[in-house]
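J.: Below you will find the structure I want to go over with you.
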Amino acid sequence: PTPPYLKWAESLHSLLDDQDGIHLFRTFLKQEDCADLLDFWFACSGFRKLEANECNEEKKLKLAKAIYKKYILDNNGIVSRQIKPATKSFIKDCVMKLHIDPAMFDQAQTEIQTMMEENTYPVFLKSDIYLEYT
Amino acid sequence: IDSEDDLLQECITSAMPKKK
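In order, the protein sequences belong to chains A and B.
Going by the working numbering, the first sequence runs without a break in its numbering and finishes at 134.
Going by the working numbering, the second sequence runs without a break in its numbering and finishes at 1020.
The structure is reproduced here in structure tokens:
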């Protein structure tokens, strides 16, 4: 069978579908000071999943606010800098108007994912940390 | 503040794949 670390090189999704892959990628991102990109990506997925399990509205609102505050509000943050202004305004509007939708972070997540696919992921595959692991 | 961080961490963990 194909070893997991070779699968990680197939696509970002294969990497993010494996616990060890996530761990190694996060260690790499931490070195580059951009682990928030990955945390935000998972936070968006987790937020969307909440809708499926009959979770209370208060928790959803609290979580949406927490994600907004930690990753988007500060324009100098690594995540915030990679998200388009229109996308940020959309999320801000949702939070301010208490219009909490399971898909409210989808566009922002896509933008961060594209950035990782084009930038941090290929760099990771060439990094010492990955090569040493393999 | 702590509970907000906990909530966020719980959300991040919930989205990660489980050990195979």
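For glycine and all other residues, C-beta sits at the position ideal for the given N, C-alpha and C.
#1: So, isoleucine 72 of chain A versus isoleucine 91 of chain A, is the Cβ gap smaller than 7 Å?
#2: Are the Cβ atoms of alanine 9 of chain A and leucine 131 of chain A separated by less than 7 Å?
#3: Looking at chain B, which residues of the region 26–46 of chain A have a Cβ within less than 7 Å of any of its Cβ atoms?
#4: Can you give the Cα-Cα distance for tyrosine 5 of chain A and threonine 27 of chain A, rounded to whole angstroms?
#5: Check the Cβ-Cβ distances between aspartate 17 of chain A and every residue of chain B, and say whether any is below 7 Å.
#6: Does the separation of the CB atoms of leucine 136 of chain A and isoleucine 100 of chain A fall below 7 Å?
#7: Kindly indicate the opening and closing residues of the alpha helix (DSSP H) around aspartate 20 of chain A.
T.: Once the coordinates are examined:
#1: yes
#2: no
#3: Asp39, Phe42, Ala43, Ser45 and Gly46
#4: 15 Å
#5: yes
#6: Lying before the first or after the last residue shown, residue 136 of chain A is absent from chain A, which here runs from 1 to 134.
#7: 19–31
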